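The structure appears below as structure tokens.
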Amino acid sequence: MGKRMIFLAMSFLLFLSVQNKALAEKKEERSWKDETIYFIMVDRFNNGNKDNDFDVDLNDLSAYHGGDFKGIMDKLGYLDDLGVTAIWLTPVVKNEPGGYHGYWTEDFYETEEHFGSKDELKQLVKKAHDRDIKVILDLVVNHTGYKHPWLEDKSKKDWFHPEMEIGNWDNQEEVENGWLAGLPDLNTENNETRKYLLDMAEYWIKETDIDGYRLDTVKHVPKDFWQEFSERVNQAKPGFYLIGEVWHNDPRYIAEYNNAGIQSFVDYPLFNEMVRIFRQSGQSLSELNAVWERNKFYYKDPYTLGNFIDNHDNIRFVREALLKQEDPEKRLKLALTYLYSAPGIPILYQGTEHMMDGAKDPDNRRMMDFTQNKDFEKFTSKLGKLRQKHPALRRGDYSMILDKDGKAVFKRKYQDETLYIVFNNDKKKSAISFTDKSLQNKKLVSLLSDEEIKVNNTSFEMNMAGETADIYSVQDADTNWKFYLIAAIIVLLLSSFYIYKKRKKRTL
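When you line the sequence shown up against mature numbering (1 follows the signal peptide of the UniProt record, and there is no 0), it's residues -24 to -1, 1 to 484, in that order.
This is how it looks when you write it as structure tokens:
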């Protein structure tokens, strides 16, 4: 009986010591809201195969620079170390001369010779999957290249809308039928054209086993096409991810395409606010919360929206900060801390982790430099790994609990995990304080520096350096050791009692 009591007591103690860890390590089914996407412009990322360097000119930003599928394969370990779980590649199909970016399609069914063969693309997808990294391809169905062969084919005259500039951007018919930047606009209302594009989209899924499409120029294509498109690709591969580019600042307009079957979008309204707020010190962060409140109202699943601070179409964030005569490193650290801690999927444009500079297109598409600013790369990697480690950063409820004079605190809570993301967007060192009833008998531990801050009853107070941000985890405040001490004493007493009883029996 005594041995049994000791065994049960020790088993109970062991159970208590591991239950929290077991809960923390319990894995839920992976969802797209758990991903971190790295955006790659194939030609400008990494040159892994010199044999396909046709017409490469590193001195001309409008020419090919040599990036290819092999170069991406060679850097999958690098991406893994950044905490990346999915990659988005600019269009990989064959382009007309000068189409280094991939958006001037010449052949929808062939890969661009500068990037590599179809087999190399399939190899890239497989190697990415072996590392548990998903692959998203950029897809253009709105237009072709300027000199597409179909333009000379009389039998395909009806495959295009009549040539027309977009004069009134508030006129949806013009937006859908006009020739964007002079690019021939495909007539997706034509049954033959539509079938061709739907078949093509399904082909690349089955041929390469990709996981999603980033859909270019979504608002320039009728919604009924997208409805049929989304049904078709999800039949080809259940759970297939669609993230659309609707370049607009009104979530009500963007959400109309959510109802047309596209489940996610690059969040331009959030992008605009993030750039405005973080490129210059002293700005209130309140509009970031306002964007989230609108997103919750208008979108089916706002946690799957794609958040970004840089891309290939806009001035790089570093340049935005420099134009405001600010310290770009401090400003970008603030922006990335929010990017990785806010609801939604962070999308990291290649080079941002190295603080790459760039003005308007094509200057924002410079060849990747992996040697530049390695310290900032480490900072970005830490954020990426924290997001994967802490489900509250990916799935947690989100609320703003402090907004005052450029200082802000956001709360993320998921199951038993609570995190506070604290910002001082002012140049001056400032006191930041708030009260939360859930902080009783707790302490805050920084996930970026391991600093510990004790909570006074239910109040948090700290002095924070100017232009800095941190992520704090709520943990028990020195109570566990008392609990385990009591449990150990109980085990000791039970052991002593057992020994005493055993000795007493021997003396009888």
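Ideal placement from N, C-alpha and C gives every residue a C-beta, glycine not left out. As the structure is a prediction and not an experimental result, all values here were calculated from the model.
P338 - DSSP class collapsed to helix/strand/coil: For this step, residue 338 is matched to residue 362 along the sequence shown. In the three-state scheme derived from DSSP, where H, G and I count as helix and E and B as strand, P338 is classed as coil.
Same chain, Cβ closer than 8 Å to N210, five either side skipped, listed in chain order: Sequence index remark: in the sequence shown, residue 210 carries index 234 (1-based). Closer than 8 Å at the Cβ level, and outside the excluded window around N210, lie F216.
Between the alpha carbons of L191 and L52, how many angstroms are there, rounded? By 1-based counting over the sequence shown, the position of residue 191 is 215. By 1-based counting over the sequence shown, the position of residue 52 is 76. About 24 Å.
Decide if I13 is buried, meaning its Cβ has at least 16 other Cβ atoms within 10 Å, or exposed. Here residue 13 refers to the residue found at position 37 of the sequence shown. So I13 counts as buried.
Reduced DSSP category for E86 - H, G, I as helix; E, B as strand; rest coil: In the sequence shown, the residue the question calls residue 86 occupies position 110. Secondary structure at E86: strand, using DSSP grouped into helix, strand and coil.
Leaving out five residues on either side along the sequence, give the residues of the same chain with a beta carbon under 7 Å from the beta carbon of M438. Looking up residue 438 in the sequence shown gives position 462. Excluding positions up to five away in sequence, the list reads I408, I429.
In the structure shown, what three-state DSSP assignment does R295 receive? Counting from one through the sequence shown, the residue named residue 295 turns up at place 319. Correct three-state label for R295: helix.
How about D337 and V398: do their beta carbons lie closer than 7 Å? For the purposes of this step, residue 337 is taken as the residue at position 361 of the sequence shown. For the purposes of this step, residue 398 is taken as the residue at position 422 of the sequence shown. Cβ atoms of D337 and V398: not closer than 7 Å.
Under 8 Å by Cβ, that's how I've got R292 and M250 pegged, so tell me the actual separation to the nearest angstrom. If you number the sequence shown from 1, residue 292 lands on position 316. If you number the sequence shown from 1, residue 250 lands on position 274. Not confirmed; about 13 Å, so no contact.
Below 6 Å CB to CB, which residues in the same chain sit around T313 once its five sequence neighbours on both sides are set aside? For the purposes of this step, residue 313 is identified with residue 337 of the sequence shown, where counting begins at 1. Once the five neighbours on either side are set aside, the close Cβ partners of T313 are A445.
In angstroms with no decimal places, state the Cα-to-Cα distance between G334 and L420. Numbered from 1 along the sequence shown, position 358 holds the residue referred to as residue 334. Numbered from 1 along the sequence shown, position 444 holds the residue referred to as residue 420. About 38 Å.
Taking three-plus beta-carbon pairs below 8 Å as touching, is the segment 43 to 52 in contact with the segment 24 to 34? yes
Contact set for L469: own chain, Cβ-Cβ below 6 Å, skip 5 residues either direction: Counting from 1 along the sequence shown, the entry for residue 469 is found at position 493. Counting only residues of its own chain and dropping the five nearest sequence neighbours on each side, L469 has no CB closer than 6 Å to any other CB.
Other residues of its chain near L174: CB distance less than 6 Å, five sequence neighbours each side excluded: To locate residue 174, count along the sequence shown from 1; it is residue 198. R208, listed in sequence order.
Which residues share a DSSP beta bridge with M440? In the sequence shown, counting from the first residue as 1, residue 440 sits at position 464. According to DSSP, M440 bridges with S406.
Where F273 falls, given that 16 or more other Cβ within 10 Å makes a residue buried: As a position in the sequence shown, residue 273 is number 297, starting the count at 1. Its Cβ having fewer than 16 others within 10 Å, F273 is exposed.
Taking the DSSP output, what are the residues bridged to F241? Position 265 of the sequence shown holds residue 241. According to DSSP, F241 bridges with G220.
Determine the closest residue to D392 out of G372, Y172, I377, with distance taken between C-alpha atoms. Within the sequence shown, numbered from 1, the residue matching residue 392 stands at position 416. Selected option, being the one with the closest Cα: G372.
Does the Cβ-Cβ distance between I230 and F241 come in under 7 Å? As a working note, residue 230 is residue 254 in the sequence shown. As a working note, residue 241 is residue 265 in the sequence shown. The Cβ atoms of I230 and F241 sit closer than 7 Å to each other.
Roughly how many angstroms separate the alpha carbons of E86 and G78, rounded to a whole number? On the sequence shown, residue 86 is found 110 positions in, with the first residue counted as 1. On the sequence shown, residue 78 is found 102 positions in, with the first residue counted as 1. Distance between the alpha carbons of E86 and G78 is about 12 Å.
Any 3 or more C-beta pairs closer than 8 Å across the segment 88 to 100 and the segment 114 to 130: Contact between the segment 88 to 100 and the segment 114 to 130 is absent, because fewer than three Cβ pairs lie under 8 Å.
Secondary structure of residue 485, DSSP reduced to three states: Nothing about residue 485 can be reported from this structure: the residues present for the chain run from -24 to 484 only.
Rounded to whole angstroms, what's the CA-CA distance from K383 to R307? Just pull it up for me. Taking the first residue of the sequence shown as position 1, residue 383 is located at position 407. Taking the first residue of the sequence shown as position 1, residue 307 is located at position 331. Going by the C-alpha atoms only, they are around 14 Å apart.
Same chain, Cβ closer than 8 Å to D50, neighbours up to 5 away in sequence not counted: As a first step, residue 50 is located in the sequence shown; it is residue number 74 there, counting from the start. For D50, where only same-chain residues beyond five positions count, the Cβ hits under 8 Å are N22, G24.
K(-4) versus L415 - alpha carbon distance: The residue given as residue -4 occupies position 21 in the sequence shown. The residue given as residue 415 occupies position 439 in the sequence shown. Any reading at K(-4) needs caution, since the residue's pLDDT is 48, under 50, leaving its predicted position unreliable; the model's value is listed next. In a straight line, the C-alpha of K(-4) is about 21 Å away from that of L415.
Are N167 and W135 touching if we call contact CB-CB under 7 Å? Residue numbering aside, residue 167 sits at position 191 when the sequence shown is read from its first letter. Residue numbering aside, residue 135 sits at position 159 when the sequence shown is read from its first letter. Not closer than 7 Å, so no.
Could you pull the start and end residues of the alpha helix (DSSP H) that I48 belongs to? As a working note, residue 48 is residue 72 in the sequence shown. That run of the alpha helix (DSSP H) goes 45 to 50.
DSSP three-state call for V32: helix, strand or coil? In the sequence shown, the residue the question calls residue 32 occupies position 56. In the structure shown, V32 sits in a strand (DSSP, three-state: E or B).
Between M440 and N401, is the Cβ-Cβ spacing less than 7 Å? Translated into positions along the sequence shown, residue 440 becomes position 464. Translated into positions along the sequence shown, residue 401 becomes position 425. Contact: no.
Proximal residues to G121 (C-beta, below 7 Å), its chain only, five neighbours per side dropped: As a first step, residue 121 is located in the sequence shown; it is residue number 145 there, counting from the start. Apart from the 5 residues on each side of it in sequence, G121 sits with its Cβ closer than 7 Å to the Cβ of N71, E72, G75, W80, T81, E82 in its chain, given in chain order.
Report the rounded CA-to-CA distance for P125 versus L65, giving the unit in angstroms. Residue numbering aside, residue 125 sits at position 149 when the sequence shown is read from its first letter. Residue numbering aside, residue 65 sits at position 89 when the sequence shown is read from its first letter. The alpha-carbon atoms of P125 and L65 are separated by roughly 25 Å.
Which one of T434, S406, L395, K405 has the shortest CA to CA distance from K413? Stepping through the sequence shown from its first residue, residue 413 is reached at position 437. Per the Cα distances, T434.
Can you round the beta-carbon distance between M17 and Q259 to whole angstroms, since I take them to be within the 8 Å contact cut? Position 41 of the sequence shown, counted from the first residue, corresponds to residue 17. Position 283 of the sequence shown, counted from the first residue, corresponds to residue 259. So it is not a contact: roughly 30 Å between Cβ atoms.
Tell me, please, which residues DSSP counts as bridged to N71. In the sequence shown, counting from the first residue as 1, residue 71 sits at position 95. Note: N71 sits in a beta bridge opposite T81.
Sub-7 Å separation of L310 and F355 beta-carbons: Translated into positions along the sequence shown, residue 310 becomes position 334. Translated into positions along the sequence shown, residue 355 becomes position 379. Cβ distance not < 7 Å, so L310 and F355 don't count as in contact.
Alpha carbon to alpha carbon, what distance is there between Y448 and L(-2)? Taking the sequence shown and counting its residues from 1, the one referred to as residue -2 is at position 23. Taking the sequence shown and counting its residues from 1, the one referred to as residue 448 is at position 472. Because L(-2) carries a pLDDT of 46, less than 50, the predicted location of this residue cannot be relied on, and the following value inherits that uncertainty. Spanning the two alpha carbons is a distance of roughly 20 Å.
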